[in-house]
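According to the numbering used here, numbering within the sequence shown proceeds without interruption in unit steps and concludes at 184.
Virtual Cβ for every residue (Gly too), placed ideally from N, Cα, C.
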Amino acid sequence: KGVPVYLSDVSPTAAGVAQDIGAGVLLEQRAIAPELVVIGAPPDVTANLVADALLAYPNATVVDIASVKGSILSAVLADERLSPAETSRYVGTHPMAGREKSGPAAARGELFTSMPWVICAHQGADPARVKVAESLAIDLGATMHRMSVTEHDQSVALISHFPQAASSMIASRL
């Protein structure tokens, strides 16, 4: 789409691989003012990264793509560093696409094509920021769906987390 993408990762190796496969260019110490920040990190660190991005980029819409939404939203809203105006720029999202592998080496350009992407806007989310999140999903070829945080987490637990836990338990018995 011709949109410049800047990459940042705590792992220099992962960031380098992502750049090498054409996902974007390394952010390093560039002075940027992004319109959109996408946090793709494990759920246990996502809320902190969302808060950091909201503070670092005061004009950006910040979305995450983690597989759980409730705990992340609660932590973002409870972060004492953030005002309601700042948290209004956050929108939780979850592309329901992926592979059995993770990291930049597992990335595929067509990964989101025709796949559902759930938008979980919280009550205080700015409607213009929600529109940005929805546009991201649509621009990447996904089919955009709206759910509450609770609906999302309950649904994902049934269709994704429970089957994974059950199959892991069975495999461990073998």
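Using CA coordinates, which residue listed in the options is at the minimum distance from residue i?
i	options	result
G32	V13, I169 and A85	V13
E96	A61, R118, A85 and A117	A61
G102	L184, M179 and M154	M154
V159	D149, T23 and I82	I82
F122	A131, D30, I180 and D149	D149
Check whether the Cβ atoms of residue i and residue j lie closer than 7 Å to each other.
i	j	result
M106	P126	yes
S98	G50	no
S37	S18	It is worth fixing the name first, because residue 37 is Leu in this sequence and not Ser. Closer than 7 Å, so yes.
A70	P44	yes
D163	V78	yes
Kindly indicate which three-state DSSP category residue i falls into: helix, strand or coil?
i	result
M179	helix
D185	The requested residue 185 does not occur in the structure, where the chain is confined to residues 11 to 184.
T123	coil
H162	helix
L37	coil
R156	strand
I129	strand
L92	coil
Answer with buried or exposed for residue i, where buried requires no fewer than 16 other C-beta atoms within 10 angstroms of its C-beta.
i	result
I129	buried
V20	exposed
Sufficient close CB pairs (3 or more, under 8 Å) joining the region 51-60 to the region 73-83: yes
Decide if the region 163-172 is in contact with the region 138-152; the criterion is three or more beta carbon pairs, one per stretch, under 8 Å apart. no
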